[in-house]
Each structure stands twice: as structure tokens, then as C-alpha cells.
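Structure first, commentary second.
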Amino acid sequence: MKPIVFDTTCVSHFARAGRLDVLDSVTRGWDRIIPNEVAAEIHRGVDSHPALATVFSQSWLRIVELDMPEVVYAATFKGELGGAPDAHLGECAALAWVKEHGGLAIIDDSAACALADHHEVAFRGTLSLVVLGFKSDLVDRDAAERLVDELASTDMRLPVDGAGLFAWAYSNGLLP
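Following the numbering used here, the numbering of the sequence shown begins with 33 at its first residue and continues without gaps.
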């Protein structure tokens, strides 16, 4: 199974929207991973957003601890991204795991995406998973648009609302 490694943003907003079931369906067939750093970020948010606790009861989601090669990559990535000591730890961990093991990182932060490009780490954003769900006939057009609006209702920063999803997907090469 090919690994798909999530940063905090995707998993936490699906959880806050009560739609981890859709994330599970869309990524079934992958080895779904969150690094310990991502789990820690999610855990810190549980008091403010209790729905985040549901992440830890998902049997399909595997939490991994970074080994030394991934730690070295994560430290390198953190050095390049900069920011506060606790900023970008989830993105760096997800990218480090994929850099070492292969697979696909799911990240949405623009600086982290640029870093992934620079280091040739395969990545996609959360909206690409919504489009994948549509392309795989797991969600119809209306459900995909509603899902984007549900994610946006959790204060997720997205480039489009539900009504703009398909135009965005076409313009970004995610749909033919």
C-alpha cells in the first residue's frame, strides 16, 4: 500500500466538520499516516475543538514516530521554513516521512508546498482529495461542493468555496 501522510490541517478540519468518514473512504487503499508531531498538534486543539478527539479513535489512521533519518529531514525543513519554535512542525514531519519512505504528503500551507516542490517531495492539498472522491465516484458533484463548504465552516482557509470547486479543479489540472 502506498503511504499517504497527513499534516494537521486536512485531518483536523475533516474531524471538525464531522466528515472523517469521507476522508476514510477517499483514501481507502492507502496506508494512512500521521506523524507524532501532527498527532500532538491535533491533541493540543482538543480543548478548543472537542471533535478533534475523534481523530484518535480512527482505526484506519496510523500514528508514526519519526526515526533518525526523518528527524534530520524534518530539522532541515524546519530550518528552511523558519518561524516560531512550534510553527510548521506538522508539515515538516509529514514531508520528512514522505522524503524518506515515498508516498504522498497532504499539506495545504503555501510555504510548505513550495518547500516540497524544492525538495521533490510528492504532495497534494486537501481539496485534491475532495476531487479524488468525485473522480472515484465516492461523492457526487453536489456532495463534493457541500463538503468544501463544510470544511470552510470550520475556518479552514481554502482557495474556493463549494460553488467554485470544479472550476478550480479544472484550472489546476485535477480534472480533464
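Positions of the beta carbon are idealized from the N, C-alpha and C atoms, including for glycine.
Since we're looking at a predicted model, the values are computed, not measured.
Three-state secondary structure assigned by DSSP to residue i
| i | result |
| --- | --- |
| residue 144 | helix |
| residue 107 | helix |
| residue 149 | helix |
| residue 171 | coil |
| residue 86 | helix |
| residue 120 | coil |
| residue 78 | coil |
| residue 101 | helix |
| residue 203 | helix |
| residue 212 | One cannot answer for residue 212 here, as it falls past the ends of the chain, which runs 33 to 208. |
Residue from the options whose Cα sits closest to the Cα of residue i
| i | options | result |
| --- | --- | --- |
| residue 177 | 157, 156, 154, 201 | 201 |
| residue 91 | 115, 106, 65, 207 | 65 |
| residue 166 | 96, 206, 99, 116 | 206 |
| residue 37 | 138, 105, 59, 104 | 138 |
| residue 168 | 126, 57, 108 | 57 |
| residue 133 | 99, 43, 145, 164 | 99 |
| residue 128 | 103, 143, 68, 119 | 103 |
| residue 160 | 136, 143, 77, 153 | 136 |
| residue 211 | 164, 77, 119, 158 | Limits of the chain in this structure are 33 at one end and 208 at the other, which puts residue 211 out of reach. |
| residue 162 | 89, 145, 109, 181 | 181 |
| residue 89 | 75, 101, 79 | 75 |
Beta-carbon contacts of residue i that lie in its chain and below 7 Å, excluding the five residues immediately before and after
| i | result |
| --- | --- |
| residue 195 | 177 |
| residue 86 | 47, 52 |
| residue 50 | 83 |
| residue 71 | 95 |
| residue 108 | none |
| residue 153 | 127, 130, 131, 137 |
Supposed contact pair residue j and residue i - C-beta distance, whole angstroms, cut 8 Å
| i | j | result |
| --- | --- | --- |
| residue 147 | residue 113 | 6 Å |
| residue 179 | residue 54 | 6 Å |
| residue 151 | residue 131 | 6 Å |
| residue 94 | residue 63 | 7 Å |
| residue 67 | residue 126 | 6 Å |
| residue 106 | residue 124 | 4 Å |
| residue 232 | residue 33 | A query on residue 232 cannot be resolved here, the shown segment of the chain reaching from 33 to 208 and no further. |
Neighbourhood of residue i by C-beta distance below 6 Å, restricted to the same chain and skipping five residues each side
| i | result |
| --- | --- |
| residue 45 | 183, 186, 188 |
| residue 25 | Nothing about residue 25 can be reported from this structure: the residues present for the chain run from 33 to 208 only. |
| residue 59 | 36 |
| residue 81 | 48 |
| residue 190 | 184 |
| residue 171 | 165 |
| residue 97 | 68 |
Residues sharing a beta bridge with residue i, DSSP
| i | result |
| --- | --- |
| residue 37 | 65, 137 |
| residue 156 | 138 |
| residue 94 | 65 |
Same chain only: Cβ atoms within 8 Å of residue i, ignoring 5 sequence neighbours per side
| i | result |
| --- | --- |
| residue 110 | 120, 121, 124 |
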